[in-house]
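Participant:
Quick look at the structure:
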């Protein structure tokens, strides 16, 4: 029994259920706001309720600085976090996989054991999130476009910056596969290019692509977080002036982390509860990827001599 | 000769790419009242033209930091040193730790340790940094001892250790996973079995038979490693409030009068220079490893 895969799937399923149905069971709605109030008691010593409220019986995850329930926010944002990261990963692997397979199959070069690099590799020095940030910075802040539209736009940008690395991975794998004997046999039996790709390459690549899909989802999640640090939130950023404050329009988890970054020293739950949820999701995906890897590895790997 | 020619051709290409990346914030803009997106081609071309025109007059090397005008050449020296120090130190220390621990992990059967390493590798860099900062704050609030400074409050009291640790963790982790995996694959080769049958010692086989065959893979992966590190550098310098090259890009790029194209182009080029220098240093460093272990 593959415990790793099972645990991963369980965590992912749990978070998925929370994203889909959580808002029906949440104790507080998105619009409920805790106002500052003074509750007098019989001894004459009153109590002041003033947001942010720490996690307690009434608010399991506490509230943010404006008195909104953090749990309601997390449940609302979960949809964007989970579905958008999965969607972008799917688009990356779908487009990159097809392109990589075609390029690997029709490439004139023979596969090398060790990759060689060119001067173009210096471009690695420009981080991916920087390109995404620059592309989005002019249009994300105080936009009137709908959050869904902005999320799709962000999805397109993140897909575009992620496809090249998927292409190169799949291309390398295809080039190795292409040299295998069964491809040669199939070719000499008269199979066309299309037939070879469909019934030999795709089945062999399927497993690596599945693992790649989950790993890409994790990479997309970390990009959400990195962009959020620089105030680019999924679905758009609302910026208030004097003092400058940035708010996520969709409550996407990366955005919740990004906008709460100043809570490192006090009211720490505002930062660490979203962070914990975010890490939990990554753990779920990570375990799924590892479980899949374990599942497929059993078939191929040779044993170590030590 | 061919290689030199290729490099020479690549340089204008790189420059063009940098110019294009930097033009993105001008190109993609919100239209009237923010409900449509328009492509501002004319503004984009104008900035590129102004940049080239400004090289001669020196205008491209002056920028606003907040509301004060500064000269790029006066500022870049210290910024460059800070970034170079952290990337180089992180790369060298991280690689050394990575290779040594990676060899150990490739040999050992401690599965839980591998799982921990893989898990840390899956976490985004900023999560690791936030957790490190939180740990320091937590220790300070519990015991009153501030182990490391959490962020640089002024230039006289910079945070040094925590950024350095953050810069080392990532490459070390990446290296460990990579070396362990390649080591494991190499150790399943037949020549290792043959060496073992000849009665050679385990240490000797690992370092003189297996490691030389692992190092080429490490060298081939250097670009990826450094790419990860440059992304990490941004997050580290931003979260620890350090004055490195990336400050030009995340702080000075959007100064009082709006987006500054010139400073972004110069910043990106300096970033690529840091990358190139550390890449060469790291390659020489690995060549040193090869000199010792490859016969």
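Protein chains in written order, with the UniProt record's numbering: chain Z, 1 to 306; chain H, 1 to 295.
Beta carbons are placed, not taken as given, at the ideal position from N, Cα and C, and that holds for glycine.
1. Please report the distance separating the alpha-carbon of residue 45 of chain Z from that of residue 20 of chain Z.
2. Does any residue of chain Z have a CB that is nearer than 8 Å to the CB of residue 275 of chain H?
3. Can you find a C-beta in chain H that's less than 8 Å from the C-beta of residue 231 of chain Z?
4. Taking the C-alpha atoms as reference points, what is the distance between residue 40 of chain H and residue 28 of chain H?
5. Are the beta-carbon atoms belonging to residue 192 of chain H and residue 210 of chain H less than 8 Å from one another?
6. Please decide whether residue 51 of chain Z counts as near chain H, where near means a Cβ-Cβ distance under 8 Å.
7. Check each candidate in H:186, H:144, H:129, H:160 and name the one with the smallest Cα separation from residue 106 of chain H.
8. I'd like to check one pair, residue 225 of chain Z with residue 8 of chain Z: are the Cβ atoms closer than 8 Å?
9. Using a Cβ cut-off of 8 Å (strictly closer), state whether residue 37 of chain H contacts chain Z.
10. What first and last residue would you give for the beta strand (DSSP E) that runs through residue 177 of chain H?
11. Taking all protein chains shown into account, do 16 or more other C-beta atoms lie within 10 angstroms of the C-beta of residue 68 of chain H, making it buried, or fewer, making it exposed?
12. Contact criterion: CB-CB distance below 8 Å. Does residue 88 of chain H meet it with respect to chain C?
13. Would you mind giving the Cβ-Cβ distance between residue 270 of chain Z and residue 64 of chain Z, rounded to the nearest angstrom? I have them listed as a contact below 8 Å.
14. Quick one, which residues of the segment 5–35 of chain H are near chain Z if we go by CB-CB under 8 Å, in chain order?
15. With a threshold of 8 Å on Cβ separation, who are the neighbours of residue 168 of chain H within its own chain once the five nearest residues in sequence on each side are excluded?
16. Find out if the Cβ-Cβ distance for the pair residue 66 of chain H, residue 238 of chain H is shorter than 8 Å.
17. Kindly list, in the order they appear in chain Z, the residues whose Cβ is closer than 8 Å to that of residue 227 of chain H.
18. Using a cut-off of 7 Å between C-beta atoms, extract the partners of residue 143 of chain Z located in chain H.
19. Buried or exposed for residue 193 of chain Z, going by 16 or more other Cβ atoms inside 10 Å?
20. Hey, does residue 148 of chain H have any beta-carbon neighbour from chain Z nearer than 8 Å?
21. Counting along the chain, where does the beta strand (DSSP E) carrying residue 43 of chain Z start and finish?
22. Could you name the residues of the same chain whose beta carbon sits closer than 7 Å to that of residue 284 of chain Z, not counting the 5 residues immediately before and after it, in chain order?
23. Take residue 97 of chain Z as the anchor and find which of Z:38, Z:197, Z:137 has the nearest alpha-carbon.
24. Where DSSP assigns a beta bridge to residue 64 of chain H, which residues make up the other side?
25. For residue 174 of chain Z, count neighbouring C-beta atoms within 10 Å of its own C-beta (all shown protein chains included) and say buried if the count is 16 or more, exposed if not.
26. Can you tell me whether DSSP reads residue 32 of chain Z as helix, strand or coil?
27. How many Å lie between residue 56 of chain H and residue 7 of chain H at the Cα?
28. The beta strand (DSSP E) that contains residue 324 of chain H, what's its start and end?
29. Measure the C-alpha to C-alpha separation of residue 42 of chain H and residue 19 of chain H and round it to an integer number of angstroms.
30. For residue 265 of chain Z, would you say it is in contact with chain H, using Cβ-to-Cβ distances shorter than 8 Å as the test?
31. Would you give the residue range spanned by the alpha helix (DSSP H) that residue 23 of chain Z belongs to?
32. Could you name the residues of the same chain whose beta carbon sits closer than 7 Å to that of residue 178 of chain Z, not counting the 5 residues immediately before and after it, in chain order?
33. Who are the near neighbours of residue 99 of chain H in its chain, counting only those whose CB is closer than 6 Å to its CB and skipping five residues on each side?
34. In whole angstroms, give me the CA-to-CA distance for residue 117 of chain H and residue 211 of chain Z.
35. Please check if any C-beta of chain Z sits within less than 8 Å of the C-beta of residue 176 of chain H.
36. Does the separation of the CB atoms of residue 83 of chain H and residue 233 of chain H fall below 8 Å?
Facilitator: To lay it out plainly:
1. Walking along the first chain from the start, residue 45 of chain Z turns up at place 45. Walking along the first chain from the start, residue 20 of chain Z turns up at place 20. Cα-Cα distance, rounded: 44 Å.
2. Numbered from 1 along the second chain, position 275 holds the residue referred to as residue 275 of chain H. Taking Cβ atoms only, chain Z reaches closer than 8 Å to residue 275 of chain H, which makes this a yes.
3. The residue given as residue 231 of chain Z occupies position 231 in the first chain. Under the Cβ distance rule, residue 231 of chain Z does not count among the residues neighbouring chain H, no pair being separated by less than 8 Å.
4. Against the second chain, residue 40 of chain H aligns to sequence position 40. Against the second chain, residue 28 of chain H aligns to sequence position 28. Distance between the alpha carbons of residue 40 of chain H and residue 28 of chain H: 6 Å.
5. Counted from its first residue, the second chain places residue 192 of chain H at position 192. Counted from its first residue, the second chain places residue 210 of chain H at position 210. By the CB criterion at 8 Å, residue 192 of chain H and residue 210 of chain H fall inside the cutoff.
6. Counting from one through the first chain, the residue named residue 51 of chain Z turns up at place 51. Residue 51 of chain Z has a beta carbon lying at 8 Å or more from every beta carbon in chain H.
7. In the second chain, residue 106 of chain H corresponds to position 106, counting from 1. Of H:186, H:144, H:129, H:160, the smallest CA-CA separation from residue 106 of chain H is found for H:186.
8. Taking the first residue of the first chain as position 1, residue 8 of chain Z is located at position 8. Taking the first residue of the first chain as position 1, residue 225 of chain Z is located at position 225. No, Cβ-Cβ distance for residue 8 of chain Z and residue 225 of chain Z is not below 8 Å.
9. Sequence index remark: in the second chain, residue 37 of chain H carries index 37 (1-based). Yes - at least one Cβ of chain Z is within 8 Å of the one on residue 37 of chain H.
10. One-based indexing of the second chain puts residue 177 of chain H at position 177. Not the beta strand (DSSP E): residue 177 of chain H falls in the alpha helix (DSSP H), residues 161–187.
11. Taking the first residue of the second chain as 1, we reach residue 68 of chain H at position 68. Only exposed fits residue 68 of chain H, as fewer than 16 other CB atoms lie within 10 angstroms of its CB.
12. In summary, chain C is missing from the structure at hand, where the protein chains are Z and H.
13. The residue you call residue 270 of chain Z lines up with position 270 of the first chain. The residue you call residue 64 of chain Z lines up with position 64 of the first chain. Cβ atoms of residue 270 of chain Z and residue 64 of chain Z come within 8 Å of each other, at about 5 Å.
14. Answer set for the segment 5–35 of chain H: 6, 7, 10, 11, 13, 14, 17, 18, 21, 22, 24, 25, 26, 27, 28, 29, 30, 33, 34, 35.
15. Counting from one through the second chain, the residue named residue 168 of chain H turns up at place 168. 89, 90, 93, 94, 97.
16. Within the second chain, numbered from 1, the residue matching residue 66 of chain H stands at position 66. Within the second chain, numbered from 1, the residue matching residue 238 of chain H stands at position 238. Result no, Cβ atoms of residue 66 of chain H and residue 238 of chain H do not sit closer than 8 Å.
17. On the second chain, position 227 is the one that residue 227 of chain H refers to. Within 8 Å of the CB of residue 227 of chain H, the CB atoms of chain Z belong to 124, 125, 127, in sequence order along the chain.
18. Within the first chain, numbered from 1, the residue matching residue 143 of chain Z stands at position 143. 30, 34, listed in chain order.
19. Numbered from 1 along the first chain, position 193 holds the residue referred to as residue 193 of chain Z. Flag for residue 193 of chain Z reads exposed.
20. On the second chain, position 148 is the one that residue 148 of chain H refers to. The beta-carbon of residue 148 of chain H is placed no less than 8 Å from the nearest beta-carbon of chain Z.
21. Taking the first chain and counting its residues from 1, the one referred to as residue 43 of chain Z is at position 43. Taken as a continuous stretch (DSSP letters only), residue 43 of chain Z belongs to no beta strand (DSSP E), as it is neither H nor E.
22. As a working note, residue 284 of chain Z is residue 284 in the first chain. Counting only Cβ-Cβ distances below 7 Å, and skipping sequence neighbours, we find 8, 11, 12, 15.
23. For the purposes of this step, residue 97 of chain Z is taken as residue 97 along the first chain, with counting starting at 1. Measuring from the Cα of residue 97 of chain Z, the nearest candidate turns out to be Z:197.
24. For the purposes of this step, residue 64 of chain H is identified with residue 64 of the second chain, where counting begins at 1. DSSP, once it has assigned bridges, lists H:69 as partnering residue 64 of chain H.
25. Taking the first chain and counting its residues from 1, one reaches residue 174 of chain Z at position 174. With 16 or more Cβ atoms within 10 Å of its Cβ, residue 174 of chain Z is classed as buried.
26. Taking the first chain and counting its residues from 1, one reaches residue 32 of chain Z at position 32. Correct three-state label for residue 32 of chain Z: coil.
27. The residue given as residue 56 of chain H occupies position 56 in the second chain. The residue given as residue 7 of chain H occupies position 7 in the second chain. Their backbone Cα atoms lie some 26 Å apart in a straight line.
28. Only positions 1 to 295 of chain H appear in the structure, and residue 324 of chain H is not among them; the question remains open.
29. Residue numbering aside, residue 42 of chain H sits at position 42 when the second chain is read from its first letter. Residue numbering aside, residue 19 of chain H sits at position 19 when the second chain is read from its first letter. When rounded, the separation of the alpha-carbon atoms in residue 42 of chain H and residue 19 of chain H is 15 Å.
30. Here residue 265 of chain Z corresponds to residue number 265 of the first chain, with the count starting at 1. Cβ-Cβ to chain H under 8 Å: yes for residue 265 of chain Z.
31. In the first chain, counting from the first residue as 1, residue 23 of chain Z sits at position 23. It spans 3–25 - the alpha helix (DSSP H) in which residue 23 of chain Z sits, taken as one unbroken run.
32. Walking along the first chain from the start, residue 178 of chain Z turns up at place 178. These residues qualify, in order along the chain: 104, 105.
33. Looking up residue 99 of chain H in the second chain gives position 99. Around residue 99 of chain H: 179.
34. Residue mapping note: residue 117 of chain H aligns to position 117 of the second chain, counting from 1. Residue mapping note: residue 211 of chain Z aligns to position 211 of the first chain, counting from 1. Rounded to the nearest angstrom, the two C-alpha atoms are 18 Å apart.
35. For this step, residue 176 of chain H is matched to residue 176 along the second chain. Interface annotation, residue 176 of chain H: not in contact with chain Z, CB-CB separation never under 8 Å.
36. Along the second chain, one-based indexing puts residue 83 of chain H at 83. Along the second chain, one-based indexing puts residue 233 of chain H at 233. At the C-beta level, residue 83 of chain H and residue 233 of chain H come within 8 Å of one another.
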